[in-house]
Amino acid sequence: MKININLISTVHTEKGNCTSKNLFEILNKLKPDAIFCEASTKMYQEFKIGLNQSSLELNAIMKLCEFHSFYLVPVDTYPPLSANIRSQIEEIKKSLKKDEIFTNAWNKHEEHTSLLGFKYLNSDENNKLLDKIFKRINYLIPRLGNLDNKIAYKKWLNFHDSRENTMLENINSYIENNEFENAVLLCGSAHRKSITNKINENKNTLLKWNFELPK
């Protein structure tokens, strides 16, 4: 029997109608036996003892614990970016914000997220708007005139590609060693299209993926 697994795209901080309460309501409808979360084991352990700032997803998960029993599996175990690369990425972001086309597209994405919540984050419209944003970024990066920033951005892209691969590998490893029927993957909406493509390209015969929100 295949395991049903729902991909739920999220944001990590509360924005308008994207709240931990609304995510809890989605999860409570699904009542998963396991939740795969875009978080590291260290992050989750620190969150439980109050050493880590809470996130929208973890707050929803803690609320679900009051009503439903499930396994929580942090799957984001890829080593973090170096402080130097993170600093360079912040500089790139400052430069991108000076571009009107990028800023307008990003503000539209933020507005849709706030107004429409998880319905937007789990839609084709989310994918299309983020495609537009990343296309603009890819246009601007070579024109910033800073070779170090170009190299940093390439490393940033490779980093997130590897993170996604690691998360899917961790899910596959977990299901091979545990028995359950229904699961959820919580992951930021920026990863939605890429992860969906990877799932479809490398089908796991043990899993039946669902990419729509429960009704």
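Heads up, our numbering is the position in the sequence shown plus 1, with the first residue counted as 1.
Beta carbons are placed, not taken as given, at the ideal position from N, Cα and C, and that holds for glycine.
Small disclaimer: the values here were computed from a predicted structure and weren't measured.
| Check | Outcome |
| --- | --- |
| Which residues in the same chain as I1 place their Cβ atom closer than 6 angstroms to its Cβ, once the five residues preceding and following it in sequence are excluded? | Any question about residue 1 goes unanswered here, given that the chain covers just 2 to 216. |
| How many angstroms separate the CA atom of A184 from the CA atom of I200? | 15 angstroms |
| Relative to the alpha-carbon of D162, which residue among S195, E15 and K109 has its alpha-carbon at the smallest distance? | S195 |
| If T78 sits next to T167, beta carbons under 8 angstroms apart, how far is it from one beta carbon to the other, in whole angstroms? | 6 angstroms |
| By DSSP's criteria, P75 is part of a beta bridge. Which residues make up the other side? | C38 |
| What is the DSSP secondary structure of S174, reduced to helix, strand or coil? | helix |
| Tell me whether T14 is buried or exposed, calling it buried when 16 or more other Cβ atoms sit within 10 Å of its Cβ. | exposed |
| Which one or two residues does DSSP pair with A184 in a beta bridge? | I6 and A35 |
| Taking I36 and I62 to be in contact with their CB atoms under 8 angstroms, please state how far apart those CB atoms are, rounded to whole angstroms. | 6 angstroms |
| Tell me which same chain residues have a C-beta within less than 8 angstroms of the C-beta of F103, skipping the five on either side of it? | L97, I134, R137, I138 and L141 |
| Alpha carbons only, please: which of F25, P75 and L57 is nearest the one belonging to K1? | Any answer about residue 1 is impossible in this case: the structure gives the chain only from 2 up to 216. |
| Once the 5 residues before and after K109 are set aside, which same chain residues still bring their CB inside 8 angstroms of it? | L130 |
| Taking the C-alpha atoms as reference points, what is the distance between I27 and L8? | 12 angstroms |
| Would you mind working out which of K16, L65, C38 and S56 sits nearest F25, comparing C-alpha positions? | L65 |
| Where does the unbroken alpha helix (DSSP H) through L131 begin, and where does it stop? | D125 to L141 |
| In angstroms, rounded to a whole number, what distance separates the CA positions of G118 and E58? | 14 angstroms |
| At what residues does the alpha helix (DSSP H) containing N108 begin and finish? | E101 to L117 |
| For T114 versus C19, is the C-beta spacing smaller than 8 angstroms? | yes |
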